[in-house]
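See below for the structure under consideration.
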Amino acid sequence: SGNAKPSEIDMLWELSKQIEGHTICALGDGAAWPAQGLIRHFRPELERRMQEHAESEKAAAVA
Numbered sequence: 061s062g063n064a065k066p067s068e069i070d071m072l073w074e075l076s077k078q079i080e081g082h083t084i085c086a087l088g089d090g091a092a093w094p095a096q097g098l099i100r101h102f103r104p105e106l107e108r109r110m111q112e113h114a115e116s117e118k119a120a121a122v123a
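With this note's numbering, the residue at position 2 of the sequence shown is 62, and numbering never jumps.
Laid out in structure tokens, this is it:
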């Protein structure tokens, strides 16, 4: 855990867009919306936390 890369945010966004509106069940849309909302409203926070985690992993490897 904790090995996400910023490029995976875009992948998750695209995946959620492929689900939304393309299922015969409304639950598909409902499953995609939380991920879209997280990215839409908190992308800078996600990227910052990924960067901080990567830096702490590097520091731990050096120590």
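Yeah, the Cβ is synthetic: ideal placement off N, Cα and C, and Gly gets one too.
For histidine 101, the enclosing alpha helix (DSSP H) stretches over residues 86-122. Rounded to whole angstroms, the gap between the alpha carbons of glycine 81 and phenylalanine 102 is 23 Å.
Rounded to the nearest whole angstrom, the C-alpha separation of glutamine 96 and leucine 87 is 15 Å.
For the pair proline 66 and glutamate 107, the CB atoms are nearer than the 7 Å cut-off.
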